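Report on the structure given below.
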Amino acid sequence: MRRLFPVTDQTAPTTSGQEREWSLDELAEAYAYPPPAPGEPRPRLRANMVSTLDGAAQHDGRSQPISTAADMRIFGTLRGLADVIVAGAETVRQEQYRPARARAEFAARREAAGQGPAPAIAVVTASLDLDFSLPLFTSPLVPTLLLTGAAAAPDRVAAAEKAGARVVIAGDGMGVDPARAVRALAELGHTRLLTEGGPRLLGQFVAAGVLDELCLTVSPMLTAGDAQRIAGGPSVPVPQRFALMSLLEEDGFLFGRYGRA
């Protein structure tokens, strides 16, 4: 059963309980970025994560085992709407990231928004310890971005640039400053930002106060164990309140969209 509940009345589905598959156009409308305010466009950072009922963001180090087909369709929709996809280096390695592909279903929408055929992938990495022979670097539609610190090893920077990646400095030392990373991407014209984690990177964005929106899949599974939550790292001094924007349900999976309150 697929239901989209309005925020103002979560007791009644907008489809009157009709069982059908949500089209990609409907999903794109449900997850559309807010129109930019007049003047200088402000970047909007959205995260897409999945969690089990007992709070696990992964199983055996990957998110795929706790996902579902509908989750992957929303995953693809969020990518289809984004200018750039931001991920931590460990997530890129574990999930075997490939370049984002152009999808005909989103071509007209992206063209109307002034976007290229596919989003760029931006990898947050202090060490630049990545395999530059992988397709993420050898065959992307748009050059892969590497967000790193000013103290990154010059030989690794040279190797990345030789492989065709664009190195973007977003920190004064070895690491990356989350707020500076958002600003650096905006300066490159990327204002529709999507991060897919992992938990450590999402925790850094939360702690820096730059996360605007969370798209969270709640998987009706229990895993126990010691898997990470969707966000890790130090806690914030005061919990941040987000407001429910929409809620989609299918086969017990809940797909919530939350925005900064």
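In UniProt numbering, the protein residues as written are 1 to 261. All C-beta atoms in this analysis are idealised placements derived from N, C-alpha and C, irrespective of residue type, glycine included. Keep in mind it's a predicted model, so treat the numbers as computed, not measured.
- The DSSP assignment places complete beta strand (DSSP E) segments of no fewer than 3 residues inside the segment 126-193 at 145-148 and 166-169, in order along the chain.
- Spatial neighbours of residue 252 in its own chain (CB-CB distance under 6 angstroms, excluding positions within 5 residues in sequence) are listed in chain order as 220.
- In terms of Cα proximity to residue 99, the closest of 202, 200 and 140 is 140.
- Using a Cβ distance threshold of 8 angstroms, residue 124 and residue 181 count as a contacting pair.
- Under the criterion of beta carbons closer than 8 angstroms, residue 169 and residue 144 do not qualify as touching, at roughly 16 angstroms.
- Contact check for residue 184 against residue 134 fails: the beta carbons are separated by 8 angstroms or more.
- Boundaries of the alpha helix (DSSP H) around residue 203: 199-208.
- The three-state reading of DSSP puts residue 46 in strand, counting E and B together.
- In this structure, residue 193 places its C-beta atom within 8 angstroms of the C-beta atom of residue 82.
- Here the C-alpha atom of residue 63 lies approximately 6 angstroms from the C-alpha atom of residue 57.
- Pairing residue 255 with residue 167, the inter-Cα distance amounts to about 34 angstroms.
- Here residue 68 carries a coil assignment [DSSP, helix/strand/coil].
- Boundaries of the alpha helix (DSSP H) around residue 24: 24-30.
- For residue 259, the secondary structure class from DSSP, reduced to helix, strand or coil, is strand.
- The DSSP-derived three-state label of residue 111 is helix.
- Residue 40 and residue 226 have their C-alpha atoms roughly 44 angstroms apart.
- Burial state of residue 34 is exposed, judged by a 10 Å Cβ sphere holding fewer than 16 other Cβ atoms.
- The alpha-carbon of residue 51 is positioned some 10 angstroms away from that of residue 231.
- Across the set 68, 44, 29 and 32, the C-alpha of 68 shows the shortest separation from the C-alpha of residue 249.
- Across the structure, residue 102 and residue 118 are spaced so that their CA atoms are roughly 5 angstroms apart.
- Annotation: residue 172 to residue 163 spans about 24 angstroms, alpha carbon to alpha carbon.
- Approximately 19 angstroms separates the beta-carbon atoms of residue 187 and residue 46; this is outside 8 angstroms, ruling out the contact.
- In this structure, residue 97 keeps its C-beta atom at 8 angstroms or more from the C-beta atom of residue 108.
- For residue 156, the closest C-alpha among the options 174, 178, 127 and 176 is that of 127.
- At a Cβ-Cβ threshold of 8 angstroms, residue 205 and residue 165 do not count as neighbours.
- C-alpha of residue 233 to C-alpha of residue 207: approximately 8 angstroms in a straight line.
- According to the DSSP assignment, residue 120 belongs to the beta strand (DSSP E) that extends over 120-124.
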